[in-house]
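Only one structure is covered here, and it is reproduced in the block below.
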Amino acid sequence: MSRREGHRAVIGRRSWQEMLFTKFEQVYTWVARHTENSEQEADVQVIVSDLTNWEREKQVYPKAINRGLEFIQSTDFGSLKPGRYDIEGDRMFALLQEPTTLAWEKQRPESHQTYTDIQFLLEGDEVIRVAPLTADAVISEEDFAARDIAFYSTVAEEQAIRLRPGSFTVFYPGDIHRPCCSAGQEQKIRKVVLKIHKSLLFE
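Just so we're aligned, residue 0 is where the sequence shown starts under numbering that gives the first Met the number 0, counting upward by one.
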């Protein structure tokens, strides 16, 4: 997905409103299936936006997503050091990071089971690649119990999203994503990964 095609949460010819409603419906279905230990596959649809557009989109976001974005909007990250910052304890917290981007082949695709990610770029250029959860996705390392993460050796149908400062993307549990890929050249970036427990999506 290019920035031109997907900047405001648009996939193909659908409006951002249609995509958001479809995505939230899929999230609720995913959580229900997970609770029932179902292995049914789900397609990935990714929300990509920025704080300016979020102001007019937020009426269709879950309340917890809005609270996370309000925290990002109101926080002076320039005065903070990298690390974890609790918002609602273990149910919602922010990770301030300063990674170096690498060629996408050097980064591993990952997904989570318990937490939704809001990945918000503060400084630099970042490409995040996304892929649907299909039978072609092969897990190479899994540590959901301790770190809520699985890494993949193989994924199919990856698409690239380019983030610039002020933009963000949302990954729900099960969404495969390959973060911190370089946009042409390796560089140090500054970003916030805000974690939201899946139970908060039903508020």
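Ideal Cβ positions, reconstructed from N, Cα and C, are used throughout, including at glycine.
N-terminal and C-terminal residue of the alpha helix (DSSP H) that residue i is part of
i	result
GLY82	Segment 82 to 85 is the beta strand (DSSP E) holding GLY82; no alpha helix (DSSP H) there.
LEU132	It is not in any alpha helix (DSSP H) - LEU132 carries neither H nor E in the DSSP assignment.
GLU97	Note, GLU97: premise wrong, no alpha helix (DSSP H); not H, not E.
ARG55	50 to 56
Run of the beta strand (DSSP E) containing residue i, from where it starts to where it stops
i	result
PHE76	Careful: PHE76 lies outside any beta strand (DSSP E) and carries neither H nor E.
LEU162	158 to 162
PHE167	166 to 170
PHE150	148 to 153
ARG189	189 to 196
PRO178	175 to 180
VAL137	137 to 142
GLY119	In the sequence as presented, Gly is not what sits at residue 119; that position holds Phe. 114 to 122 is the extent of the beta strand (DSSP E) around PHE119.
Residue burial classification, residue i (beta-carbon count within 10 angstroms, cutoff 16)
i	result
TRP29	Note on TRP29: pLDDT 42, under 50, position unreliable in the model; the coordinate value appears next. The residue is buried, with at least 16 neighbouring Cβ atoms inside 10 Å.
ASP174	buried
TYR27	Caution applies to TYR27, whose pLDDT of 45 falls short of 50 and renders its modelled position unreliable; the value that the coordinates give is listed next. Its Cβ having fewer than 16 others within 10 Å, TYR27 is exposed.
PRO172	buried
PHE92	buried
PHE143	exposed
PHE119	buried
GLU56	buried
HIS176	buried
PRO131	buried
ALA31	Caution is warranted here: a pLDDT of 42 is assigned to ALA31, below 50, making its placement in the model unreliable, and the coordinate value is therefore given only provisionally. It counts as exposed.
LYS153	Here residue 153 turns out to be Thr, not Lys, going by the sequence shown. By the 10 Å Cβ count, THR153 comes out exposed.
Cβ pair residue i, residue j closer than 7 Å
i	j	result
ILE127	ILE160	yes
ILE86	VAL169	no
PHE150	ARG189	no
GLU109	LEU162	no
LEU79	LEU95	yes
GLN158	VAL192	no
LEU121	PHE70	no
HIS111	ASP147	yes
Within-7 Å CB hit, residue i to chain C
i	result
GLU125	No chain C is part of this structure, which consists of one protein chain only.
Residue i versus residue j: straight-line alpha-carbon distance, rounded
i	j	result
TYR60	GLU185	33 Å
GLY123	ASN65	24 Å
TRP53	PHE167	10 Å
LEU200	GLN58	14 Å
ALA155	GLN44	14 Å
LYS105	ALA145	24 Å
GLY165	THR113	26 Å
LYS187	PRO81	13 Å
Residue i: CB within 6 Å of a non-hydrogen atom of the ligand GDP
i	result
PHE150	Summarising the ligand content, the structure contains no ligands, and the ligand GDP is consequently not present.
Problem - Cβ pair count under 8 Å reaching 3, the segment 132 to 140 against the segment 189 to 198 - result: Of all C-beta pairs linking the segment 132 to 140 to the segment 189 to 198, fewer than three are shorter than 8 Å, placing the two stretches out of contact.
Handout entry: Sufficient close CB pairs (3 or more, under 8 Å) joining the segment 94 to 101 to the segment 176 to 194
Key = Short answer: they touch.
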